[in-house]
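Engineer: Sharing a structure, written as structure tokens. Questions coming.
There are 2 protein chains.
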Amino acid sequence: MTTRRSIPFGLMLQGAGSHMNAWRHPSNPPDASINLDFAIGIARKAEAAGITFAFVADGLYINEKSIPHFLNRFEPLTVLSALAVATKKIGLAGTISTSYSEPFTVARQLASLDAISGGRAGWNVVTTPLEGTAKNFGKAHPDHELRYEIADEYLDVVQGLWDSWDDDAFVRDRATGRFFDRDKLHTLDHHGRFFQVAGPLNIQRSPQGQPVIFQAGSSDTGIGLAGKYADAVFTHSPSLDETAAFTRRVKQSAIEHGRQAGDVKIFPGVGPIVGRTAAEAEDKYQAIRNLLTIDEALAYLGRYFDHHDFTQYALDAPFPELGELGRNSFRSTTDRIKADAKQKGLSLRETALAVATPRPNFIGTAEHVADELIRWHDAGAGDGFILGFPVQAQGVDDFVELVIPVLEARGRYSRDLPGATLRDHLGLPRKASRHAAPGASQEPAAEAHA
Amino acid sequence: MTTRRSIPFGLMLQGAGSHMNAWRHPSNPPDASINLDFAIGIARKAEAAGITFAFVADGLYINEKSIPHFLNRFEPLTVLSALAVATKKIGLAGTISTSYSEPFTVARQLASLDAISGGRAGWNVVTTPLEGTAKNFGKAHPDHELRYEIADEYLDVVQGLWDSWDDDAFVRDRATGRFFDRDKLHTLDHHGRFFQVAGPLNIQRSPQGQPVIFQAGSSDTGIGLAGKYADAVFTHSPSLDETAAFTRRVKQSAIEHGRQAGDVKIFPGVGPIVGRTAAEAEDKYQAIRNLLTIDEALAYLGRYFDHHDFTQYALDAPFPELGELGRNSFRSTTDRIKADAKQKGLSLRETALAVATPRPNFIGTAEHVADELIRWHDAGAGDGFILGFPVQAQGVDDFVELVIPVLEARGRYSRDLPGATLRDHLGLPRKASRHAAPGASQEPAAEAHA
Ligand SMILES: Cc1cc2nc3c(=O)[nH]c(=O)nc-3n(C[C@H](O)[C@H](O)[C@H](O)COP(=O)(O)O)c2cc1C
Ligand SMILES: Cc1cc2nc3c(=O)[nH]c(=O)nc-3n(C[C@H](O)[C@H](O)[C@H](O)COP(=O)(O)O)c2cc1C
């Protein structure tokens, strides 16, 4: 691997954008979160620009305090299946919770998306932070650690189901009437602590061997799960140093699980704001910040802390002491918010605004943003980035029109995706079956973009 | 309602066709069950011909004895979401089991499909006959009656979730920052015998009010469920008289549940085989019958009876006595098979062939088939038909090219779908919300095709 390599980008598809009030921004359609034409337009623009995958976050519980985007949005598998037909090459990754779904169903739906898209499916494995979710599924919300134990077994089951059929199991010989080769069928027969799943799966093996596993928990336990199973990790990007340290930790975890550092690709989420001048970028940021009142910012902050009511505290006093609040939900996020507030001596107001409408790490001219992305990348802060723009329409346009040309001029970006599958785009080899002879069918990675 | 009205047709999308060895027929691609281009081609041809909906059956358990089509096929929601983009008007109905899924997830996925397709989603509610399914979900297979009790509560929950938001709940007022109207949000808060579901659903109300409910169980209990909830029923079509009697029973059940006979549309499944002459149609049938050996026919029959091994009986002796076998699975089907064998004095061989490769009720020239369909329709044997061709490619081509023109000439078919949603296509009014003022928002049916 040379250091002067192409940087792969994924793109969050999240309606109007990551900012809670992005729907109010004039560059977006206000119904963006439920507007298929908008989603298709964004995905096609991204694909034409060589973005390697679209990424759909998700949640399974809302109440009237939820942010607008969460109240009314597409379900990931359905919208990604629609995008599979509306696009040709871009990867299609969606979030599904291992705490509130069935492995047989999820294995199958992802395998079906993979078949439909010709090998472009990815799954962002989450354990579901939001405690209220349990109320939609008639059961108790498992604790943070238990959720990860469930996820571990769940992934083992799903990957086992995905290997139910060898790649060449379906012979379909019309003359003899032989449809499949019995020796190439593997019935899972899983009996575990949380799941009993007989199998086999009722769909062929994936064009990419198996769909790509993304993982998005950042706690120690989350990193352990990523090291064991993940092909790619979606993470926060608080600073270059922290992101580089996180990257090393995940790769170290992969090595401890008998894998190689390059087997798991780290994608910090970034939301660049770009202007033709630095001042124009600042103006864009201020326009975004002004979409929000302080009360909305407090409510947004409260979401991470079990909808804690922050209006009870003085706005300009130091960030309050919260004990264990939120630690069973978004643990890595709440720990970081608390640590930041303490370290930088932030008030509640400053913390709420920093969380609800953060000043991005990447803001300024296209040259500045491109150079910063290259600097992070070369310093080992991730293998690529997931773009999560505060305001989707403006963010995508600016990135594609302004930043990508600079990255190209620097020799650090290519619009051509060399392969056909998401694994190809990520520079990952086709996934070998657990039933294959050791080393036999793990093909080398295609000439990689990543 | 006049008697000389247009007859609506749905079309089963089942890969190579309903015949277990349809993949061997030269008119089909052998991988039809997992071939997206084939599915899109068929759906577009059907749409252009004015077929009102595509219909995807499903199952959640296979083993090496399963018929080829079931071993390797798309999952319904994903393929229907893909078809939503590949087509413009045709309805998109898929099968999902109430015994092996979560109402919150299913309500949401169907609502998302409905949003993506502009109001074309339908759900074929099944309770899952196949006992082995339990082995993929780590629980016991509920009994026939219990399955229907679960289904009843499940449908109540799903329909409640679909009414979480009033049609005009999302105001999205950029000036004031008001995204939704709190008075138009309804949190379900369901506490029942089988399900605890808080809600609300995280997606807007359906373009058609609610997705269309199909139901496909034919036992007394199944008919009761249909009478209470179904907008449409998919059923067998053993004979005109039996189908007409079944149609009356379902409509009677609807009336007993305080609905009207026209609120539930009955769709018998038919698989016409058409030739330019009667002899050509017979030849086509023989070619289809020859796709199958007697051993394959016995195995196919066994599927309905918990994979009972029928090779243990003499082939030409009368159909054996089976007691309760299969009655916890495909009850209405197994009862019918047993009754038929007894009544017609069939041997095991004859029964197996009649089940595995049945001579269709509709076979002959286009004129004959069209006239028979009209005769059934006018005699009250259903409100339309679901086409389930033994061999898909040949069946669709022959029906579209040969039969539809005759139906048109008879004034009993129109290629133009007058409305935009599946409810429009079925001649059903937009579904009113349970929170609407009585009679307020139930709009009259569009000028109906059905
Ligand atoms: C960058 C990032 C993205 C995430 N995306 C989602 C998501 O889309 N849906 C979800 O339910 N949880 C999401 N999570 C939550 C995680 O799955 C996990 O449940 C939570 O972060 C707690 O685990 P942790 O303490 O290991 O981070 C995300 C977490 C991170 C760090
Ligand atoms: C015409 C028809 C089509 C059916 N389609 C399916 C299907 O696609 N998937 C499934 O699991 N069950 C299907 N079923 C099974 C029913 O949902 C039900 O579980 C079974 O028929 C037993 O109920 P019953 O005795 O009321 O018919 C179908 C049944 C009929 C009669």
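These protein sequences, in sequence, are chains X and Y. Quick note on numbering: this note's numbering labels position 354 of the first sequence as 354, and the sequence is numbered without any gaps. Whatever position you read off the second sequence (first residue = 1), add 1000 for this note's numbering. By construction, the Cβ of each residue, glycine as well, lies at the ideal position given by its N, Cα and C atoms.
1. Under 7 Å from any heavy atom of ligand 2, does the C-beta of residue 1019 of chain Y make it?
2. Can you tell me whether residue 331 of chain X sits near ligand 1, meaning its C-beta is under 7 Å from at least one heavy atom of the ligand?
3. Over the uninterrupted alpha helix (DSSP H) stretch that includes residue 1104 of chain Y, give me the two end residues.
4. Per DSSP, what kind of secondary structure is residue 1084 of chain Y in: helix, strand or coil?
5. Quick check on the burial criterion: 16 or more other C-beta atoms within 10 angstroms. Buried or exposed for residue 1284 of chain Y?
6. Report the residues of the segment 65-91 of chain X with a CB closer than 7 Å to any CB of chain A, ordered along the chain.
7. Within 8 Å (strictly less), CB to CB, does residue 137 of chain X reach chain Y?
8. Using CA atoms only, rank isn't needed, just tell me which of Y:1060, Y:1185, Y:1042 and Y:1243 is closest to residue 1380 of chain Y.
9. Here's a check: name, in chain order, each residue in its chain whose Cβ is nearer than 6 Å to the Cβ of residue 11 of chain X, leaving out the five neighbours to either side.
10. Which bits of chain X does residue 1298 of chain Y rub up against, with CB to CB less than 8 Å?
11. What residue does the alpha helix (DSSP H) around residue 286 of chain X start on, and which one ends it?
12. Checking the sheet assignment: what are the DSSP bridge partners for residue 1165 of chain Y?
13. So residue 1223 of chain Y contacts chain X; which residues on that side make the cut at Cβ distance below 9 Å?
14. So that I know if they touch, is there some Cβ in chain X lying closer than 8 Å to that of residue 1199 of chain Y?
15. Does residue 1398 of chain Y pass the burial test, meaning 16 or more other C-beta atoms within 10 Å, or should it be called exposed?
16. Could you confirm whether any beta carbon from chain Y is found closer than 8 Å to the beta carbon of residue 196 of chain X?
17. With a threshold of 16 other CB atoms inside 10 Å of the CB of residue 139 of chain X, please say whether the residue is buried or exposed.
18. Is any heavy atom in ligand 2 found nearer than 7 Å to the beta carbon of residue 1063 of chain Y?
19. Are residue 1430 of chain Y and residue 1252 of chain Y closer than 8 Å when you measure CB to CB?
20. In this structure, does DSSP put residue 51 of chain X in helix, strand or coil?
21. From what residue to what residue does the alpha helix (DSSP H) around residue 976 of chain Y run?
22. At what residues does the beta strand (DSSP E) containing residue 138 of chain X begin and finish?
23. Look up residue 1035 of chain Y in the DSSP assignment and give the residues it is bridged to.
24. Just to confirm the assignment, what range does the beta strand (DSSP E) spanning residue 1095 of chain Y have?
25. Within the chosen definition, does the segment 403-416 of chain X reach the segment 21-40 of chain X through at least 3 CB pairs nearer than 8 Å?
26. Could you check which residue in X:339, X:308 and X:313 has the C-alpha nearest to that of residue 325 of chain X?
27. Can you list, in chain order, the residues of the segment 149-181 of chain X whose Cβ is nearer than 7 Å to any Cβ on chain Y?
28. So residue 150 of chain X packs on residue 98 of chain X, CB below 8 Å; how close in whole Å?
29. Under 8 Å between the Cβ atoms of residue 1095 of chain Y and residue 1068 of chain Y?
30. With distances taken between CB atoms, is the gap from residue 1374 of chain Y to residue 1272 of chain Y smaller than 8 Å?
31. Can you give me the start and stop residues for the alpha helix (DSSP H) that residue 319 of chain X sits inside?
32. Measure how close the beta-carbons of residue 19 of chain X and residue 353 of chain X come, nearest whole angstrom, since I'm counting them as under 8 Å.
33. Run through DSSP, which three-state label would residue 1330 of chain Y get?
34. Using a Cβ-Cβ distance under 8 Å, would residue 1193 of chain Y count as near chain X?
35. Of the choices X:305, X:213 and X:286, whose alpha-carbon is the least far from that of residue 264 of chain X?
Structural biologist: Reading it off the structure:
1. No; taking the cut-off as 7 Å, the Cβ of residue 1019 of chain Y has no heavy atom of ligand 2 nearer than that.
2. For ligand 1, at least one heavy atom lies less than 7 Å from the Cβ of residue 331 of chain X.
3. Residues 1103-1116.
4. Looking at residue 1084 of chain Y - three-state DSSP - the assignment turns out to be helix.
5. Residue 1284 of chain Y is buried by the Cβ-count criterion.
6. The structure shown contains no chain A; its protein chains are X and Y.
7. At least one C-beta of chain Y is nearer than 8 Å to the C-beta of residue 137 of chain X.
8. Among Y:1060, Y:1185, Y:1042 and Y:1243, the Cα nearest to that of residue 1380 of chain Y belongs to Y:1243.
9. Here the set comprises 46, 51, 54 and 387.
10. Those within 8 Å of residue 1298 of chain Y in chain X number zero; the least Cβ separation is about 15 Å.
11. In the DSSP annotation of this structure, the continuous segment of the alpha helix (DSSP H) that includes residue 286 of chain X starts and ends at 278-289.
12. Answer is Y:1185.
13. Around residue 1223 of chain Y, no beta-carbon contact reaches into chain X at under 9 Å, the shortest distance being about 28 Å.
14. Yes, because at least one Cβ of chain X sits closer than 8 Å to the Cβ of residue 1199 of chain Y.
15. With at least 16 other beta carbons inside 10 angstroms of its own, residue 1398 of chain Y counts as buried.
16. Yes, contact with chain Y.
17. Residue 139 of chain X should be labelled exposed.
18. Incorrect: residue 1063 of chain Y has no Cβ contact closer than 7 Å to ligand 2.
19. Contact: no.
20. Annotated three-state conformation of residue 51 of chain X is coil, per DSSP.
21. Because chain Y here runs from 1001 to 1450, residue 976 of chain Y falls outside it and cannot be looked at.
22. Careful: residue 138 of chain X lies outside any beta strand (DSSP E) and carries neither H nor E.
23. None, per the DSSP bridge assignment.
24. Boundaries of the beta strand (DSSP E) around residue 1095 of chain Y: 1091-1097.
25. Contact fails: fewer than three Cβ-Cβ distances are below 8 Å.
26. Restricting attention to X:339, X:308 and X:313, the CA atom closest to the CA of residue 325 of chain X is found in X:308.
27. Cβ contacts with chain Y come from 170, 172, 174, 177, 179 and 180.
28. Taking the Cβ atoms as the reference, residue 150 of chain X lies roughly 6 Å from residue 98 of chain X, within the contact range of under 8 Å.
29. Annotated as distal: residue 1095 of chain Y and residue 1068 of chain Y, with beta-carbon spacing of 8 Å or more.
30. The Cβ atoms of residue 1374 of chain Y and residue 1272 of chain Y do not sit closer than 8 Å to each other.
31. Run containing residue 319 of chain X: none; DSSP gives neither H nor E here.
32. With a Cβ gap of about 12 Å, residue 19 of chain X and residue 353 of chain X do not count as contacting.
33. For residue 1330 of chain Y, the secondary structure class from DSSP, reduced to helix, strand or coil, is coil.
34. Residue-level contact by beta carbon fails for residue 1193 of chain Y and chain X, as no gap is shorter than 8 Å.
35. The shortest Cα separation from residue 264 of chain X among X:305, X:213 and X:286 belongs to X:213.
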